[in-house]
């Protein structure tokens, strides 16, 4: 059996290195993204040791972008997109123009041509899909106005870059003295716009009927395997078809495939089915970025790298803040959008590669773009936390109100319960606690379940309860009891351990699905652990023994 298999070797090297460096990053209490990027550097061609195939890694990363954008589309309706058009369309265009001008300034300083400056500036103007969505998800902003504006802004940027990639060969001809007539140039632009418009119209008119119907049929077969296959086939098939037939990016095609899926219940299930693959391939995206990076660039062109990073992180952010504030949105919205867009990614690499291939952009320009991408992606989680995250000096009104109500909601009896999870078990527990008139705060991560709990009249905090900040916002230090209703026993163990550290006297109740989970939960501090299978068996035996 041959062992020279580049695809398998690339996947194995990427994932193993990402796990090792991600674990180290977690241990050092920094973003795991930093670990994934460093893993890419380790298995890349510019460092000794194992060298993975960077071309294959980029293609695998593209799968992650497709699945990620498909998942975003599942939660992003046409109504949401149209609701932010007045800010996303002019905002994205103005920011692209501003960042391009700054990038062209760096190019002029380096002595490059005007065409090279244009390509370089455009590459610095467009944000990474994966990084932006990861930031919004970590900050629980995906279903907020800020999140919708950022995603709408990203869609406009993607559409603009699709047009740029099509027109770049014509620009190369002009730069080389091969003049193209105005009629030919207008024809190229018109054809590109027609293709994009045709794809969007096809998805909104035909796809909106065909895609939900196909998924509905697959769900009613009763085969989970067939439903999962249908979700992947729709996401990947539409994305590939959009790129092959309409010259639209994979990411944009996948986004519209998810967006036209109208059935809310099926869309939630589709999102859950694609989640493991999305996470795995998103990690490979960061690894592939790291593989492109040559560390010697920082030594040889340190000042230029710093100037590039300033344009990406500072220039784009200031432009975004000014634009969003000009349109009348509050400071926290402006900061969240600015933090989300303060990085570059996939389209930047595509523009740089095409620019070098056409002879417009010098090799040094591509190296600066890659360095800017690496450092901006590394810095983005820190920037996001500082400007728009939980440690921001400007807190959202919703979070501030949640904290105030959580701290004040102490009943006369003095009993306060924090419930983690509002799934099938959590809903029943919440109903029972509400009947007892106890003070209850629910912590839930999934946006649809957060909304459902709020509709039921409960006090809800959106976030991951394994994070200390979220437990603090739930006022865990003042709680008398913590009830963990999520089905993942080992994740529940992390929550129990951190809650015990914050409040040594709290009573912790949790659920488990195996003897190993029961032992683990008791070891990390849970006072009582309920194992579903044991309780079912006990109840069945009680019924069997009772007289008919």
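Residue numbers (this note's numbering): 9 to 556. All residues carry an ideal CB built from backbone N, CA and C; glycine is no exception. Note that the structure is predicted; figures quoted are calculated from it, not measured.
Where residue i and residue j are concerned, what is the direct C-alpha to C-alpha distance, given to the nearest angstrom?
i	j	result
residue 133	residue 52	26 Å
residue 325	residue 382	17 Å
residue 288	residue 300	19 Å
residue 175	residue 345	28 Å
residue 250	residue 267	14 Å
residue 72	residue 36	26 Å
residue 328	residue 342	7 Å
residue 361	residue 122	18 Å
residue 27	residue 296	14 Å
residue 454	residue 281	14 Å
residue 262	residue 480	37 Å
residue 599	residue 388	Only positions 9 to 556 of the chain appear in this structure, which leaves residue 599 out of reach.
residue 470	residue 90	25 Å
residue 540	residue 522	9 Å
residue 536	residue 158	43 Å
residue 216	residue 462	30 Å
residue 290	residue 194	38 Å
residue 29	residue 191	53 Å
residue 579	residue 547	For the chain, the structure presents residues 9 to 556; residue 579 sits outside this window and is missing.
residue 512	residue 449	19 Å
residue 63	residue 16	13 Å
residue 112	residue 364	16 Å
residue 429	residue 500	10 Å
Round the Cβ separation of residue i and residue j to the nearest angstrom and send it over; I've been treating them as touching at under 8 Å.
i	j	result
residue 167	residue 204	6 Å
residue 320	residue 380	5 Å
residue 136	residue 385	7 Å
residue 352	residue 102	17 Å between Cβ atoms; not a contact.
residue 557	residue 269	Here the chain has residues from 9 to 556 only, and residue 557 is not among them.
residue 60	residue 18	4 Å
residue 303	residue 49	7 Å
residue 368	residue 131	That belief does not hold up - the Cβ atoms of residue 368 and residue 131 are roughly 11 Å apart, past 8 Å.
residue 504	residue 518	6 Å
residue 549	residue 491	The pair is not a contact, with the Cβ atoms about 26 Å apart (cut-off 8 Å).
Does the distance from the C-beta atom of residue i to that of residue j stay below 8 Å?
i	j	result
residue 530	residue 487	no
residue 485	residue 510	yes
residue 22	residue 286	no
residue 434	residue 483	no
residue 104	residue 337	no
residue 478	residue 451	yes
residue 99	residue 161	yes
residue 442	residue 292	no
residue 156	residue 92	yes
residue 366	residue 140	no
residue 222	residue 247	no
residue 516	residue 533	yes
residue 243	residue 75	yes
residue 358	residue 68	no
residue 278	residue 144	no
residue 553	residue 514	no
Leaving aside the five residues before and after residue i along the sequence, list all residues of the same chain whose C-beta is less than 6 Å from its C-beta, in chain order.
i	result
residue 502	474
residue 97	164
residue 226	234, 235 and 238
residue 211	264 and 268
Less than 8 Å between C-beta atoms, sequence neighbours within five positions excluded: which residues of the same chain meet that for residue i?
i	result
residue 170	200, 204, 255, 256, 257 and 260
residue 305	313, 375, 376, 378 and 379
residue 551	none
residue 431	457, 493, 494 and 495
residue 54	301, 302, 303 and 304
residue 110	129, 132, 319 and 323
Indicate the three-state DSSP secondary structure (helix, strand or coil) for residue i in the structure shown.
i	result
residue 521	coil
residue 233	helix
residue 37	coil
residue 417	The predicted model places residue 417 with a pLDDT of 42, which falls under 50 and marks its position as unreliable; any figure quoted below should be read in that light. Residue 417: coil per DSSP, three-state reduction.
residue 469	strand
residue 491	strand
residue 573	Since the first residue shown for the chain is 9 and the last is 556, residue 573 is missing from the structure and cannot be characterised.
residue 515	strand
residue 537	strand
residue 542	helix
residue 447	strand
residue 453	coil
residue 300	coil
residue 427	strand
residue 257	coil
Looking only at its chain, what residues have a beta carbon closer than 7 Å to the beta carbon of residue i, apart from the 5 residues adjacent to it on each side?
i	result
residue 33	39, 40, 42 and 43
residue 45	294, 297, 298, 382, 385 and 386
residue 525	497 and 498
residue 370	120 and 124
Is there a C-beta anywhere in chain D that falls below 8 Å from the one on residue i?
i	result
residue 292	Protein chain content of the structure displayed is limited to a single chain, and chain D is not contained in it.
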